[in-house]
Structures are given as C-alpha cells and as structure tokens.
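Residues 0 to 311, numbered by numbering that gives the first Met the number 0, are exactly what the sequence shown covers, in order.
Just so you know, even glycine gets a beta-carbon here, dropped at the ideal spot from N, CA and C.
Since this is a predicted model, take the numbers as computed values, not measurements.
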Amino acid sequence: MGKEPLKTVIIGSGPAGYTAAIYAARANMSPVLYTGKEPGGQLMITTDVENFPGYPDGIMGPQMMEDLKKQAERFDTEVKYELIERVDFTGPVHKLYTEAGEEIEAHTVIISTGASAKWLGLESEQRLANNGVSACAVCDGFFYRGKEVAIVGAGDSAAEEALYLSNLCPTVHMFVRRDEMRASAIMQERVKKQKNIKIYWNTETEEILGDEVVTGVRVFNNKTGEKQEIPIAGFFVAIGHTPNTQIFKDWLDMEETGYLIHEPNSTKTNVPGVFVSGDASDHVYRQAITAAGTGCMAALDAERYLGEVGII
Ligand code: NDP
0 MGKEPLKTVI IGSGPAGYTA AIYAARANMS PVLYTGKEPG GQLMITTDVE NFPGYPDGIM
60 GPQMMEDLKK QAERFDTEVK YELIERVDFT GPVHKLYTEA GEEIEAHTVI ISTGASAKWL
120 GLESEQRLAN NGVSACAVCD GFFYRGKEVA IVGAGDSAAE EALYLSNLCP TVHMFVRRDE
180 MRASAIMQER VKKQKNIKIY WNTETEEILG DEVVTGVRVF NNKTGEKQEI PIAGFFVAIG
240 HTPNTQIFKD WLDMEETGYL IHEPNSTKTN VPGVFVSGDA SDHVYRQAIT AAGTGCMAAL
300 DAERYLGEVG II
C-alpha cells in the first residue's frame with residue numbers, strides 16, 4: 000500500500016508560509032513546508048523591519064524569519080529545503096513534484112510562493128547581472144561602498160534602497176521615469192532631503208555600460224530626448240515584483256499579471272483544497288503583517304476543508 004496523502008503541504012517560506020505552518024501544526028494537520036529556492040523569502044534581503052507589530056525596537060528581516068521557522072518547528076511542522084517544480088490539481092488528492100522528481104500527495108495545499116524582483120529587460124542588464132547589476136541594495140550595497148551607484152525605480156522599495164545606498168556611497172543617481180514618485184509621502188521626503196541622492200526626473204535607462212563589470216550607465220530624458228552617460232560601479236533595479244505563480248497557470252485562476260485569484264473574504268482558489276496566502280495573491284498591501292494574516296486564514300480554511308471532507 001502506498002503512503003497516505005499528507006493533510007497539508009505549504010509551498011513557500013515567507014511570513015505567509017510560516018504563519019500557515021504554525022496554525023496548521025497547532026491544529027494537528029502535520030504540515031510539510033517546502034521552502035523553495037529562497038528560504039525565508041523577501042525578508043531575508045531586508046534589514047530593519049520596523050512596522051511589524053510587537054517589535055517596538057524593530058527586528059532584522061532574517062532574524063524574524065528564523066524566529067518564525069523555529070516557532071513553526073516547535074509544533075509539528077516538517078521543513079523541507081526543496082523546490083516544488085510542478086503540480087497536478089486534478090484532485091481530489093493533489094499531487095506535487097519536487098525538483099528532484101519526488102511525487103507528494105496532499106489533501107490540501109497552501110500556496111505562499113510570494114513574488115520576485117522585476118528587471119528592466121535590457122541585454123546589458125542580464126549580461127552584467129552580479130557584476131555590478133543587482134536587484135537588492137541591501138544584499139549587495141556593501142560591495143559598492145565608497146563608489147558611485149545608480150538606482151532605477153520610484154516606489155517605496157526604490158526609496159528605501161536609495162536611502163540605504165546613500166549611507167554607503169558618495170552619490171546615488173536615482174532615475175525616475177515620470178515627473179513624480181509613487182513612493183509614500185514620508186519616503187519621498189526622506190529621499191529628497193538626502194543630499195547625496197541625485198534624482199533625475201523623466202529619465203529612463205538606455206544601456207548599462209561595461210564589458211566585464213559595470214562602469215557606467217547611459218540614460219535619456221523621455222521629454223527632451225537628451226542623453227547622458229554617468230560613470231557608476233553599481234546599478235540597482237527596484238521596479239517592483241512578479242508573483243511566483245507560473246507553476247499554477249494550468250490549474251488556478253489568476254490575473255493577467257499572475258497574481259492568484261481567491262474567493263472574497265477567503266483564501267480559497269478555484270480548486271477545492273487549494274488555498275493561497277501572501278504576496279502570491281496580493282499586489283495591493285504586500286506587507287509582512289498582511290502576508291502573515293492571510294497565512295493564518297489559509298490554515299484555518301484548510302482545516303475547515305479537511306473537516307468537511309472527513310480527513311480530520
Ligand atoms: P511599486 O510597484 O510600488 O513601484 C515600482 C516603481 O518602479 C514605480 O515607481 C514604477 O514607476 C517604477 N517602474 C516600473 N517599471 C519600470 C521601468 N521599466 N523603468 C523604470 N521604472 C519602472 O513597487 P515597490 O517594490 O516599490 O513596492 C511594492 C509595494 O510594497 C508597495 O505597495 C509599497 O508601498 C510596498 N513597500 C513598502 C515598504 C515599507 O512600508 N517599508 C518598503 C517597500 C515596499 P511608475 O511610478 O512610473 O509606475
């Protein structure tokens with residue numbers, strides 16, 4: 000006789016995944032959590048988290064993820080450092096396949112696969128990736144201390160990363176494609192006040208320059224057409240994220256942008272027994288606390304489903 004299907008598999012290891020695991024484990028659902036390629040998710044590339052309730056002095060992102068993992072494991076969560084590469088939601092028992100080809104069967108699946116950084120799509124950006132081009136100032140900024148750098152983007156991420164870089168680098172050249180920023184008022188104010196952040200309005204990147212490593216960037220003003228080359232050593236991209244939902248495209252309803260669709264006031268997807276939490280279905284709030292909240296909801300919805308189908 001084959002192995003019994005698992006009660007719950009959680010895919011993803013950000014705040015949504017670990018919170019789902021804590022709730023599922025405490026409800027005797029014996030969850031197995033697959034971390035994916037980037038255990039801990041986006042908070043692993045963040046420094047201080049100051050807006051998560053309960054930490055009056057803030058907490059470092061990686062520390063928070065370590066604590067969440069410990070809390071999930073303290074109960075009955077099994078954490079597997081593997082990537083789920085393919086799923087088969089024909090049902091009623093769901094099938095998942097790891098990168099190594101292992102087949103896993105589960106009655107319920109909680110998707111918490113999050114989102115990943117977007118790129119500009121330039122050939123030079125790809126060619127010079129990790130040789131001066133980065134999508135994470137907090138991870139890579141240290142390598143460029145004392146050097147000129149540029150950042151593209153105008154949202155809260157770009158603002159946060161520009162401020163971070165401005166503490167390491169003599170000048171941060173910030174390219175904003177419109178004549179205003181999308182970032183929150185407080186972040187914009189901080190960026191504008193910081194003397195060594197030079198904002199270029201209506202400015203887009205034409206090419207990142209350099210053979211082996213980044214040596215400069217050519218930008219153009221999209222109003223006047225004027226071009227200029229700026230010598231830099233580091234080029235940071237902070238233009239938003241894409242949800243990690245490609246493996247579900249044949250099975251689950253999603254928006255054009257790839258964000259998964261769930262029922263209102265619920266984490267239910269269009270497939271019974273499959274639930275979604277965190278940034279994989281949220282392009283509006285995208286916060287650690289909201290991801291954690293929906294992780295909790297997904298575990299409660301999965302528990303209810305297991306009760307309804309007579310598994311627990
Ligand atoms: P956003 O989607 O908010 O912003 C993306 C930015 O990149 C926009 O300014 C956009 O320009 C620009 N952009 C997109 N594509 C291009 C391109 N091809 N060339 C040049 N510029 C481009 O993403 P963020 O990652 O900044 O933020 C995501 C969410 O997370 C937001 O809700 C944000 O508030 C939140 N957040 C909160 C933080 C906090 O509270 N501490 C920190 C970081 C993020 P345009 O404006 O012209 O569209």
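Residue i versus residue j: straight-line alpha-carbon distance, rounded
{"i": "Leu317", "j": "Gly35", "result": "Since the first residue of the chain shown is 0 and the last is 311, residue 317 is not available in this structure."}
{"i": "Pro14", "j": "Met59", "result": "13 Å"}
{"i": "Met0", "j": "Glu37", "result": "In this prediction, Met0 scores a pLDDT of 49, lower than 50, which makes its location untrustworthy; no coordinate-derived value is stated."}
{"i": "Ala297", "j": "Ile110", "result": "9 Å"}
{"i": "Gly209", "j": "Leu121", "result": "13 Å"}
{"i": "Lys2", "j": "Glu104", "result": "9 Å"}
{"i": "Asp346", "j": "Val48", "result": "No answer is possible for residue 346: the residues shown for the chain start at 0 and end at 311."}
{"i": "Pro61", "j": "Lys68", "result": "11 Å"}
{"i": "Val270", "j": "Glu262", "result": "11 Å"}
{"i": "Phe74", "j": "Glu203", "result": "50 Å"}
{"i": "Asp66", "j": "Lys222", "result": "49 Å"}
{"i": "Phe51", "j": "Ala287", "result": "7 Å"}
{"i": "Ile311", "j": "Leu259", "result": "27 Å"}
{"i": "Gly224", "j": "Gly90", "result": "56 Å"}
Where the alpha helix (DSSP H) containing residue i begins and where it ends
{"i": "Thr266", "result": "Premise fails: Thr266 is in no alpha helix (DSSP H) and is neither H nor E."}
{"i": "Lys192", "result": "184-192"}
{"i": "Lys6", "result": "First-last for Lys6: 5-10, but that is the beta strand (DSSP E), not the alpha helix (DSSP H)."}
{"i": "Gly28", "result": "The question names Gly, but residue 28 in the sequence shown is Met. Note, Met28: premise wrong, no alpha helix (DSSP H); not H, not E."}
{"i": "Met63", "result": "60-73"}
{"i": "Gly306", "result": "287-307"}
The beta strand (DSSP E) enclosing residue i, as first and last residue numbers
{"i": "Ala116", "result": "114-116"}
{"i": "Tyr96", "result": "93-97"}
{"i": "Arg85", "result": "83-87"}
Reference residue i; option with closest CA among the options
{"i": "Ala134", "options": "Ser276, Thr241, Leu299, Ser265", "result": "Thr241"}
{"i": "Asp155", "options": "Met186, Gly309, Thr170", "result": "Met186"}
{"i": "Ala279", "options": "Val92, Thr112, Ala99", "result": "Thr112"}
{"i": "Gly39", "options": "Ala26, Ser115, Leu95", "result": "Ser115"}
8 Å contact criterion, which residue i and residue j should meet: CB distance rounded
{"i": "Thr274", "j": "Ala291", "result": "In the sequence under discussion, the amino acid at residue 274 is Phe, which differs from the Thr named in the question. The pair is not a contact, with the Cβ atoms about 15 Å apart (cut-off 8 Å)."}
{"i": "Asn201", "j": "Asn220", "result": "5 Å"}
{"i": "Gly294", "j": "Gly277", "result": "6 Å"}
{"i": "Ala149", "j": "Phe235", "result": "7 Å"}
{"i": "Val151", "j": "Ala161", "result": "Wrong, their Cβ atoms sit about 10 Å apart, outside the cutoff."}
For the 8 Å Cβ check, are there 3 or more pairs between the stretch 175-192 and the stretch 138-146? no
Taking 8 Å as the threshold, find out whether the stretch 147-166 comes into contact with the stretch 248-255 through three or more Cβ pairs. no
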